[in-house]
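Protein chains in written order, with this note's numbering: chain A, 278 to 600; chain W, 17 to 296; chain F, 40 to 355. For every residue, glycine included, the Cβ atom is placed at its ideal position computed from N, Cα and C. All values reported here derive from a predicted model rather than from experimental measurement. Structure first, commentary second.
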Amino acid sequence: MLLDVAGLNIDLPTPDGARRIVRDVSFALDRGETLGVVGESGSGKTMTALALMGLSPEGAAISGAIRFDGKDLAKLDDAAWRALRGDRIAMIFQEPMTALNPLHTIGRQIAEPLIVHRGLSRRAAMAEAVKLLARVGLPDPRRARAYPHQLSGGQRQRAMIAMALSCGPSLVIADEPTTALDVTVQAQILALLAELGRQADMAMILVSHDLAVIAQNCKRVVVMYGGMVMESGTTAAVLERPAHPYTRALLQARPRLGATRGQRLRVIPGSAPSAGEAPPGCPFAGRCPLTVPACSAAPPPAAPWRGDRIARCIRLEEAENVA
Amino acid sequence: MSKDGFFARARRNPSFLVGAALVLLVAGAAALSLVWTPYPPAAIDVPHKLLEPSAGHWLGTDSLGRDVASEILAGARISILVGVIAVGIGVIFGVALGLVAASAKGVVEDLIMRLSDFAFAFPALLMAIMLTATFGAGVVNAIIAIGVFNVPLFARVTRASANAVMAREFILAARASGKGPVAIAFEHVLPNVAPVLIVQATIQFAIAVLAEAALSYLGLGAQPPQTSWGRMLSEAQNLLYQAPRLAVFPGLAIMIAVLGLNLLGDGLRDLLDPRLRARR
Amino acid sequence: MLLYLLQRVLLLVATLAFASLVVFGVLEILPGDAAQVMLGASATPQAVAALAHKLGLDQPFATRYFAWLAGIARGDFGLSYAYDSPIGALISDRLAVSAPLALIAMALTAVIALSAGLFAAQRRGKRGDFAVMAASQIGLAVPNFWFAILLVLVFAVKLRLAPSGGFPGWSAGFAPAFGALILPAISLGLVQAAILTRVTRSALLDVLGEDFIRTARAKGLSRRAVLWRHALPNALTPILTIMGLQFANLIAGAIIVENVFVLPGVGQLIFQAIANRDILVVEDCVMLLAAIVIIVNFIVDVACAAIDPRLRRRAA
């Protein structure tokens with residue numbers, strides 16, 4: 278087991294007191310495995326990812342356990358976090374334009390983790406950066422001297438990947454790595470990530486709102502909503518036979534090729550709760566067609582379902598019958 | 017929070033409240049001085065010169081026996097007069113130029129903006145000093161000299177905000193319904209640019225008050241018997257050893273006026289600027 | 040970068056040319072016959088005509104303008120009517136006072152503003168931030184000449200630690216000459232620092248909220264390294280731009296503060312020249328100050344482009 282997150286809670290301070298924006302999140306990840314985390318904006322998926330990097334916003338209170346390689350990350354001090362970040366755990370951000378420093382060359386930014394963690398000289402780190410760029414599909418050594426604004430979106434994201442992989446991390450967290458890119462470039466970047474992950478036996482957490490991206494790249498998936506894990510299991514099982522009413526609604530809300538003409542796209546009624554408004558019960562209560570008064574009373578427990586799957590819903594049986 | 021009305025939000029904005037209170041204090045002093053001052057502000061009374069503050073003279077008297085409290089009250093008039101007219105000149109000509117630049121685009125826009133760039137390269141206060149020195153000292157010339165340098169500033173602010181407004185859909189809709197550029201500029205662009213202009217005008221008002229004080233201190237602004245805080249300071253400077261307090265009160269008055277205007281401007285920016293409001 | 044520099048230099052020359060035209064033009068259209076004003080109402084018409092001829096005032100505008108420019112290019116600034124001596128020497132004497140004053144004040148401004156802005160930005164929303172912001176709000180509202188008067192009041196009149204004005208000259212030794220510039224420089228620099236502190240703080244806060252700051256932290260950099268290597272360079276362009284614009288205020292402020300401290304600087308020379316109707320001296324001084332401001336802003340532009348590669352591209 279490389280990563281084991283158990284009962285993770287994140288509270289953010291607001292003018293009206295602390296708000297719990299991630300509630301009792303648990304999942305695990307083996308070496309070399311790719312896990313998908315899917316959810317709408319405000320589902321807490323990015324906050325969860327940042328907590329794994331120790332980069333939660335100022336004032337955030339984190340409880341629960343994050344065990345990485347046998348260490349409990351929740352107990353690390355600042356210096357220990359720094360030694361881990363960029364070396365053992367790396368992150369790829371959504372928007373490569375703003376996530377790269379506009380004043381530094383690509384090469385310098387890729388070389389930086391090598392200087393910090395490997396103690397390389399600037400010259401050696403730059404030479405390594407040129408090799409890394411070649412590995413991510415930018416073989417021209419002059420690219421290392423380019424500034425971010427001189428590259429295309431896809432090239433920038435490749436540079437971002439080279440930066441994340443520079444120290445050979447055992448876990449990479451990719452937060453919406455292709456959302457800002459053109460569709461054709463998306464596929465290339467995802468293929469590149471998968472290939473590099475295989476080569477280095479690197480585990481990856483792929484955070485996305487896009488079910489198609491998750492389906493193609495991840496063996497297992499975690500579905501988040503309102504700061505909670507609604508359902509988790511193998512991607513094939515979850516997407517083919519969704520247990521949770523939310524997962525089902527999410528699948529029905531996406532357009533599909535081959536749908537009968539005139540068949541309406543199903544829309545989830547109501548709107549997602551904003552990150553902060555934590556209702557006492559199930560966050561999906563009210564928007565869910567199967568809501569009963571008990572749903573809003575207490576958060577649903579995480580229950581095993583059909584083998585190795587886990588779902589948080591008190592009406593799983595009824596949900597199965599409706600479908 | 018953003019759903020609340022202007023006044024509900026204003027009541028929770030300390031910058032706005034303190035700024036408005038200070039500005040009202042200065043405006044009140046100016047208004048009061050029109051109908052009443054303890055003594056005529058320019059009345060020379062040499063036998064009673066350099067008196068310490070007392071019940072008869074709250075802030076004492078100056079080297080010619082004038083009542084300092086009366087002079088401070090009357091000084092507010094000049095500050096406000098210069099501020100209002102100098103900013104007015106900037107707003108009227110600057111906004112017109114800015115709107116023309118934003119609606120005309122092309123060569124006209126480039127020309128207006130290049131000219132305002134050049135104007136920015138000059139130290140405004142230095143040019144005001146030069147202008148008043150050559151055309152003669154006095155309030156009118158001081159107002160013009162300060163106002164001239166507000167024109168390019170307002171032109172630039174207006175054009176930038178107007179361009180942002182014109183890029184929005186409702187302008188396209190107005191154009192599609194057959195409205196001419198002048199009608200669009202006045203009916204749609206100006207009301208949307210107004211908040212930014214109000215904020216800028218408040219800040220420029222503060223700068224104008226400082227500039228008037230500086231010019232009058234140098235003897236280039238208000239001339240006797242007109243009372244000005246800047247001129248009071250220049251007179252007080254010769255008496256630092258005998259009556260240091262004379263150098264304190266006019267400076268405090270300038271500071272209160274400028275502080276109030278700046279705080280009011282900051283508060284208004286928070287309250288009026290829709291971009292800032294969205295960011296909360 | 041080379042193309043960018045070329046463009047900037049051309050723009051600099053154009054701005055200087057425009058400035059010279061404005062300075063020369065404004066003083067040309069001043070009311071009254073200059074020679075008559077200089078000599079007074081009792082002068083004979085012959086004397087007025089002779090002076091006008093001596094000063095070249097009987098030549099057409101364009102001729103005089105280009106003669107003036109050509110003179111400046113040769114380093115010949117003309118003759119002062121009132122002092123009857125070369126203006127170049129007059130101005131350089133005065134610059135020996137004004138230039139150090141401006142430089143000390145600007146250095147003070149930069150040091151105070153950068154450290155206070157950095158301090159406040161790192162304590163956003165806390166007590167230290169609030170104190171810095173309140174102090175800078177007061178600083179914005181204090182006229183520099185009043186602050187200068189208050190400094191004289193406290194340090195010269197009450198404490199008798201510094202001279203209340205005057206300048207012993209650099210020949211009197213470094214310490215006394217420098218000492219005479221300290222209070223003027225503080226009164227200029229401290230008030231200017233108020234604006235720059237706010238600019239520094241908000242520029243830093245803007246940058247600290249950027250995504251690439253998070254990227255830098257994700258690489259495992261310490262907070263200090265993130266601040267110095269990633270945040271500060273990005274905040275520097277807006278700070279430098281405002282510093283360039285402030286230099287103009289500083290020059291104008293120096294004229295006023297020189298007046299408070301009775302320093303024989305360029306400001307005093309301008310006032311005497313205005314009082315004497317010594318037009319050529321006024322023209323040369325104002326042109327010099329405008330040129331300094333324009334050149335400083337040119338240097339700021341180039342420095343910003345050296346820091347930020349995007350600025351080099353945008354101009355090309």
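Does DSSP put residue i in a helix, in a strand, or in coil?
i	result
residue 308/A	coil
residue 510/A	strand
residue 294/A	strand
residue 172/W	helix
residue 163/F	coil
residue 582/A	strand
residue 283/W	helix
residue 552/A	The pLDDT assigned to residue 552/A is 49, lower than 50, so where the model puts this residue is not dependable; a value taken from the coordinates is nonetheless given after this. Of the three classes helix, strand and coil, the one that applies to residue 552/A here is coil, per DSSP.
residue 121/W	coil
residue 459/A	coil
residue 125/F	strand
residue 44/W	helix
residue 562/A	coil
residue 343/A	strand
residue 206/W	helix
Which residues mark the beginning and the end of the beta strand (DSSP E) in which residue i is found?
i	result
residue 284/A	280 to 291
residue 449/A	448 to 452
residue 330/F	Residue 330/F -> not in any beta strand (DSSP E); alpha helix (DSSP H) instead, spanning 318 to 346.
residue 160/W	First-last for residue 160/W: 155 to 164, but that is the alpha helix (DSSP H), not the beta strand (DSSP E).
residue 196/F	No beta strand (DSSP E) contains residue 196/F, which DSSP labels as neither H nor E.
residue 484/A	480 to 485
At 7 Å on the CB atoms, spell out the chain F contacts of residue i, in chain order.
i	result
residue 123/W	Ordered by position in chain F, no residue passes the 7 Å Cβ test against residue 123/W, which lies about 17 Å from the chain.
residue 375/A	249, 250 and 251
residue 330/A	257
Mind reading off the beta-carbon distance from residue i to residue j? Whole number of angstroms is fine, and I expect it under 8 Å.
i	j	result
residue 493/A	residue 527/A	So it is not a contact: roughly 17 Å between Cβ atoms.
residue 290/F	residue 141/F	7 Å
residue 319/A	residue 485/A	Not really, about 15 Å apart at Cβ, beyond 8 Å.
residue 316/A	residue 500/A	7 Å
residue 110/W	residue 170/W	3 Å
Spell out whether any CB of chain C is found under 7 Å from the CB atom of residue i.
i	result
residue 348/F	Judged by its chain identifiers, the structure shown contains no chain C, and its protein chains are A, W and F.
Hey, would you say residue i sits closer than 7 Å to residue j, going by beta carbons?
i	j	result
residue 245/W	residue 266/W	yes
residue 90/W	residue 54/W	no
residue 348/F	residue 296/F	no
residue 390/A	residue 363/A	yes
residue 23/W	residue 283/W	no
residue 160/F	residue 260/F	no
residue 238/F	residue 278/F	yes
residue 195/F	residue 203/F	yes
residue 166/W	residue 222/W	no
residue 440/A	residue 371/A	no
residue 305/F	residue 59/F	no
For the alpha helix (DSSP H) containing residue i, list its first residue and its last residue.
i	result
residue 217/F	213 to 247
residue 282/F	271 to 300
residue 502/A	Careful: residue 502/A lies outside any alpha helix (DSSP H), inside the beta strand (DSSP E) at 497 to 502.
residue 368/A	Residue 368/A -> not in any alpha helix (DSSP H); beta strand (DSSP E) instead, spanning 366 to 369.
residue 40/F	Per DSSP, residue 40/F belongs to no alpha helix (DSSP H) and is neither H nor E.
residue 112/F	100 to 113
In chain F, what lies closer than 9 Å to residue i by C-beta?
i	result
residue 260/W	192, 196 and 197
residue 157/W	Residues of chain F passing the Cβ test: none, with the nearest at roughly 11 Å.
residue 254/W	Those do not exist, as residue 254/W stays about 11 Å from chain F at its closest Cβ, beyond 9 Å.
residue 234/W	184, 294, 295, 298 and 310
residue 274/W	179, 180, 181 and 182
Closer than 7 Å by beta-carbon distance: list the chain W residues that pair up with residue i, in chain order.
i	result
residue 24/F	Coverage of chain F is limited to positions 40 through 355, which leaves residue 24/F absent and any answer about it impossible.
Which chain A residues are close to residue i, counting only those with a beta carbon under 7 Å from its beta carbon?
i	result
residue 124/F	Here the premise fails: no neighbours, minimum Cβ distance about 51 Å.
List, in chain order, every chain W residue whose beta-carbon is nearer than 8 Å to that of residue i.
i	result
residue 335/F	Per Cβ cutoff of 8 Å: no residues; residue 335/F is ~10 Å from chain W at best.
residue 46/F	Going along chain W, no residue has its Cβ under 8 Å from residue 46/F, so there is no contact; the nearest lies around 14 Å.
Please list the partners that residue i has in chain A, where partner means a Cβ-to-Cβ separation under 9 Å.
i	result
residue 94/F	Those do not exist, as residue 94/F stays about 53 Å from chain A at its closest Cβ, beyond 9 Å.
Run through chain A and tell me which residues come within less than 8 Å of residue i, C-beta to C-beta.
i	result
residue 273/F	378, 379 and 380
Given that residue i touches chain W, what residues does it touch there, using C-beta distances under 9 Å?
i	result
residue 291/F	139, 140, 141, 142, 143, 144, 145 and 230
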